[in-house]
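A.B. asks:
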Amino acid sequence: MKIGVFCSANNNIADLYFEKTAELGKWIGDGGHSLVFGGCNIGLMDCVAQAARKAGATIIGVVPSKVEQGGKMSDILDVTIHTDNLSDRKDMLLLHSDVLVALPGGIGTLDEIFMVAASHTIGYHQKKVILYNINGFWDSMIALLDDLASKNMIRGKVADCIMVANTLEEMEALIQN
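Each residue of the sequence shown is one higher than the last, beginning at 7 in the numbering used here.
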């Protein structure tokens, strides 16, 4: 399975996020899966790629030209998919992934989550995005989504396209279903 991962490209974040990200990367490799990610060599992106690589995963990086020009492209990629911009990157991440996982991240990660969810609700695909809710990271967003749903601002059930896993075991169960 090709597991797409959205996450932070920041190094200055809590160690717990790096620990849980490394566990996910190891699980991806140990399970014989491939990692599809944004191709950066910093933050949680680098962490998940390094852990997956050590566990034997194929590493697929979707790299916008700005990342490459800025010297932030990972050097452990087995497959590099070059893109012109972030919109193309999101499209390629979705296209080349069977399931998508959102680790802690910022504006870019939010953009990726909502692009996958919005295109799912319209019917472009049936892929799911799973929020890895490490230490309650996504709690406020989950509450916002529940509030939007209670006001009938979201068609269908949020859980049809955005699922939540609080542990790696829950993540495994959602990915394998």
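Using N, Cα and C, we set each Cβ at its ideal position, and we do this for glycine too. Please read all numbers here as calculations on a predicted model, not as lab measurements.
From the DSSP secondary-structure annotation, give me the bridge partner or partners of V73.
C.D. replies: BP columns for V73 are empty, so no partner.
A.B. asks: If you compare alpha carbons, which of Q56, D36, C46 is closest to A186?
C.D. replies: Beyond the ends of the chain as shown, which are 7 and 183, falls residue 186; an answer cannot be given.
A.B. asks: Look at the Cβ atom of I82, then the Cβ atom of V69, and state whether they are nearer than 8 Å.
C.D. replies: no
A.B. asks: Since I believe L41 is in contact with A15 (beta carbons under 8 Å), could you give me their beta-carbon distance rounded to a whole number of angstroms?
C.D. replies: Contact between A15 and L41 fails: their C-beta atoms lie close to 15 Å from each other, not under 8 Å.
A.B. asks: Return helix, strand or coil for A124, following the three-state DSSP convention.
C.D. replies: Note: A124 maps to helix in three-state DSSP.
A.B. asks: Where do the N-terminal and C-terminal ends of the alpha helix (DSSP H) with K220 fall, by residue?
C.D. replies: Lying before the first or after the last residue shown, residue 220 is absent from the chain, which here runs from 7 to 183.
A.B. asks: Taking all protein chains shown into account, do 16 or more other C-beta atoms lie within 10 angstroms of the C-beta of V85, making it buried, or fewer, making it exposed?
C.D. replies: exposed
A.B. asks: Quick one: give me the first and last residue of the alpha helix (DSSP H) that L83 is part of.
C.D. replies: No alpha helix (DSSP H) holds L83; DSSP gives it neither H nor E.
A.B. asks: Given a cut-off of 8 Å on the beta-carbon distance, is the pair E118 and K133 in contact?
C.D. replies: no
A.B. asks: Measuring CA to CA, which of S80, M121, L151, E178 is closest to N47?
C.D. replies: That would be S80, whose Cα lies nearest to the Cα of N47.
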